[in-house]
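Just below is one structure, and these are the notes that go with it.
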Amino acid sequence: MQETLKRRKLKELIIMADEQEWINYRLIEMATKYDYGEGKSYLPIPHVLRKCSKLSSTEKDVLYHLLYSMNDKKYCFPAYGTIAAELFIGVSTVVRAIDKLEQMYFIKKEEFIGSSNRYYIDMLEDNPYLILSGYTSHFKRSFQPIGVAKGLCKNKVIKQVNKFVEKEDYDVFAHRFYSGEDTEIVLIQFLEQLRKYVEENTNIKIRPIGV
270 MQETLKRRKL KELIIMADEQ EWINYRLIEM ATKYDYGEGK SYLPIPHVLR KCSKLSSTEK
330 DVLYHLLYSM NDKKYCFPAY GTIAAELFIG VSTVVRAIDK LEQMYFIKKE EFIGSSNRYY
390 IDMLEDNPYL ILSGYTSHFK RSFQPIGVAK GLCKNKVIKQ VNKFVEKEDY DVFAHRFYSG
450 EDTEIVLIQF LEQLRKYVEE NTNIKIRPIG V
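Mapping of the sequence shown onto my numbering: position 64 corresponds to residue 333, and the numbering continues sequentially without gaps.
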């Protein structure tokens, strides 16, 4: 099942890459032309990462900064103040964002006394929060209400889905992925619990959604 999903996704990405080649070229050209600093470069951000439902825009910016700063030894060590200055946010905001990224398995932090911390990538491509975010978006697009037109209840359903993302149960499913449980089983249970939560809070019956 996992291999089938990967092949399907790869096929979709290849098609998208062909269709979006022109805009990718323009954005790369823009990055290499206008970026300021000693070297002109850019960081490609996959949509699955950009649209992660559990990360705030600030947390994403901090993550992008850390990824951009990675060296050939596969770690980076920007100071809190440096990150804050470049992103126009407070140091305390940076600290909270990094703690959140570590809790969500995106990075690992190695602390040093008297010098900057080192940051390593923990899980990126297979991060459990990216998997859950993708299936949460799938639920929003694909849910089929019973006995009521989808257009009449869509906003109400999406509102409850967004609330579920902020619940502790959502994090529990992510931790189960991280602990190595069977991906398909966890996804089936996640979608079922999400469906029941939405039904209970909207009084709208929804058909089960498969993985």
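Just so you know, even glycine gets a beta-carbon here, dropped at the ideal spot from N, CA and C. Quick caveat, the model's predicted, so the values are computed rather than measured.
Rounded to whole angstroms, what is the Cα-Cα separation between residue i and residue j?
i: Gly383; j: Ala353; result: 19 Å
i: Pro397; j: Tyr294; result: 31 Å
i: Ala418; j: Asn424; result: 12 Å
i: Phe375; j: Ser325; result: 14 Å
i: Glu437; j: Gly420; result: 29 Å
i: Leu463; j: Asp440; result: 13 Å
i: Ser338; j: Gly449; result: 29 Å
i: Tyr333; j: Thr351; result: 14 Å
i: Pro244; j: Gly403; result: With the chain covering only 270 through 480, there is no way to say anything about residue 244.
i: Lys432; j: Glu298; result: 39 Å
i: Asp290; j: Arg319; result: The identity of residue 290 in the sequence shown is Glu, whereas the question assumes Asp. When rounded, the distance between both Cα atoms is 19 Å.
i: Ser447; j: Lys378; result: Position check: residue 447 holds Tyr in this sequence, whereas Ser was assumed. C-alpha separation (whole angstroms): 17 Å.
i: Glu461; j: Glu468; result: 11 Å
i: Lys323; j: Ser411; result: 20 Å
i: Glu453; j: Thr301; result: 41 Å
Exposed or buried, residue i, counting other C-beta atoms within 10 Å across all chains shown (16 or more means buried)?
i: Asn472; result: exposed
i: Val363; result: buried
i: Ile292; result: exposed
i: Arg476; result: exposed
i: Ala366; result: buried
i: Met373; result: buried
i: Pro315; result: exposed
Quick one: measure Cβ to Cβ for residue i and residue j, integer angstroms, because I've assumed they're closer than 8 Å.
i: Val317; j: Leu356; result: The pair is not a contact, with the Cβ atoms about 22 Å apart (cut-off 8 Å).
i: Tyr389; j: Lys343; result: 6 Å
i: Lys474; j: Gly416; result: 6 Å
i: Val360; j: Thr405; result: Incorrect: roughly 32 Å between the Cβ atoms, too far for contact.
Do the CB positions of residue i and residue j come within less than 9 Å of each other?
i: Tyr466; j: Gln413; result: no
i: Cys321; j: Leu335; result: no
i: Phe408; j: Ile457; result: no
i: Glu371; j: Asp391; result: yes
Might you give, ordered along the chain, the residues of its own chain that have their beta carbon closer than 7 Å to the beta carbon of residue i, omitting 5 neighbours on each side?
i: Phe442; result: Leu401, Val455, Phe459
i: Glu380; result: Asn386
i: Ile427; result: Lys409
i: Leu399; result: Val317, Leu318, Cys321
Starting from the C-beta of residue i, find all residues in its chain whose C-beta is less than 8 Å away, skip the five residues before and the five after it, and write them out in chain order.
i: Leu296; result: Tyr311
i: Thr327; result: Leu356, Ile358, Thr362, Ala366
Tell me which residues share the same chain as residue i and place their Cβ nearer than 6 Å to its Cβ, disregarding the 5 neighbours each side in the sequence.
i: Arg445; result: Val455
i: Pro347; result: Ser338
i: Leu393; result: none
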